[in-house]
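Q:
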Amino acid sequence: MILAEKILELRKQNGWSQEELAEKLDVSRQSVSKWEGAQAVPDLDKVLQMGELFGVSTDYLLKDDMEDDGKREDNYEPANKRTVTMAEADSFFKDTAESFRHIALGVMLCILSPVAIIILAGWSETGAISENVAAAIGLPILFVLIAVSVVIFIINGVKMEKYKSLETKDLHLAYDVKGLAEKKYEENRLVYIKKLCAGVVCCILAVIPLIITAIFAEDNEFLCVCMVGVLLAVVAVGVFLIVDGTGVRNACNILLEKEDYSRESKELNKTLEAFSGVFWLVITGIYLAVSFLTKRWDISWVIWPISAILWAIIRACINMARKAVEN
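Under the numbering used here, think of the first position of the sequence shown as 35, with each following residue one higher.
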């Protein structure tokens, strides 16, 4: 089998189009087409790059008389381990970054969902519109934004389902995947820190407009209500930055089995998987109930950071109990 046939076969095995392979190799589609048609030969650096992408040796690609599958020895999947190829890792990084951006958007929409009804309710207190009109406009906006968020979460969850095993199984990284993950981790470090800091600052400073208005314009209730909307909007932006900034870092931690995805943590995550869904569902119900009953959307959002701290405490307690049983 000649090089052209091997490129064509390996591309199809990975389920890539010529355009997708060309994008990964930073060449034109026409170049890939010529390689597969034996009308041109790729440069050596592209052959090396294809070897990493396909998880095969360069000898297999270049030697016409080499008819085995060419898989590197470190690409075989050890018992009870999940092998990650260079091609899968490359797709995983792209999909995870996109996934976290979508999740960030969904969370932001959830936080923004009550803004319209809050402002309209405050406006109705001035007599400009009736409470019925405020509810008729504000409630549909609230439910539409929540519905859009839920759809985003569902679609995103389905899309990322194929990578679920990476979070729960012990990993065996194919040739150079570890190097790629470590490189991306370092390259993303500054971006992560900037977005995290910007997001935290937004969340902290979001309350300032409301405080200033309460001090200097306490008689203007409608303005105070509008500042609650501003507070939620700024918090929404802050949360978006925090979630969006953690995408690549999270993917790196999964592949490198670091932090929350270490092999020890994976065992803990398996224990907590069923409980976590119930926990956050209950927290969501509490947040909505408290917010609607008290109408204090300006402060009810603190339920989320408090819940995150509580969840961390629960994780730590269960982990200590598990270790005590094992010992």
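For glycine and all other residues, C-beta sits at the position ideal for the given N, C-alpha and C.
Taking the beta strand (DSSP E) that V118 belongs to, which residues open and close that run?
A: Its beta strand (DSSP E) spans residues R116 to V118.
Q: I believe V211 touches M120 by the beta-carbon criterion, under 8 Å. Please report the beta-carbon distance rounded to the nearest angstrom.
A: 6 Å
Q: Can you give me the C-alpha to C-alpha distance between V271 and V262, rounded to a whole angstrom?
A: 14 Å
Q: Looking only at its own chain, which residues have a Cβ that is under 6 Å from the Cβ of P76, when we skip the five neighbours before and after it?
A: Sequence-distant Cβ neighbours of P76 in its own chain, meaning closer than 6 Å and more than five residues away, are W69.
Q: State yes or no: is the C-beta of R2 within less than 7 Å of the C-beta of A56?
A: The structure shown does not extend to residue 2, since the chain spans only 35 to 361, so no value can be given for it.
Q: What does the alpha-carbon distance come out to for the pair I171 and M354?
A: 50 Å
Q: Can you name the start and end residues of the alpha helix (DSSP H) that K203 belongs to?
A: Run containing K203: none; DSSP gives neither H nor E here.
Q: In the region 155 to 196, which residue ranges form an unbroken alpha helix (DSSP H) of at least 4 residues, counting only runs that do not cross its ends?
A: 165 to 194
Q: Starting from the Cα of K128, find the closest Cα among A215, S147 and I152 and give me that residue.
A: For K128, the closest C-alpha among the options A215, S147 and I152 is that of A215.
Q: Tell me the DSSP secondary structure of V268 in three-state form.
A: Correct three-state label for V268: helix.
Q: Could you give the DSSP three-state label for V336: helix, strand or coil?
A: coil
Q: CB V269 to CB A251, shorter than 7 Å?
A: no
Q: By DSSP, does V90 sit in helix, in strand, or in coil?
A: It is a strand residue.
Q: With burial defined as no fewer than 16 other Cβ atoms inside 10 Å of the residue's Cβ, what is the status of C351: buried or exposed?
A: In the assembly as shown, C351 is an exposed residue. Its beta-carbon has fewer than 16 other beta-carbons within 10 Å.
Q: Have a look at E111 and L42 and give me their C-alpha separation to the nearest angstrom.
A: The predicted model places E111 with a pLDDT of 46, which falls under 50 and marks its position as unreliable; any figure quoted below should be read in that light. Their Cα atoms are separated by approximately 24 Å.
Q: What is the DSSP secondary structure of S125, counted as helix, strand or coil?
A: Correct three-state label for S125: helix.
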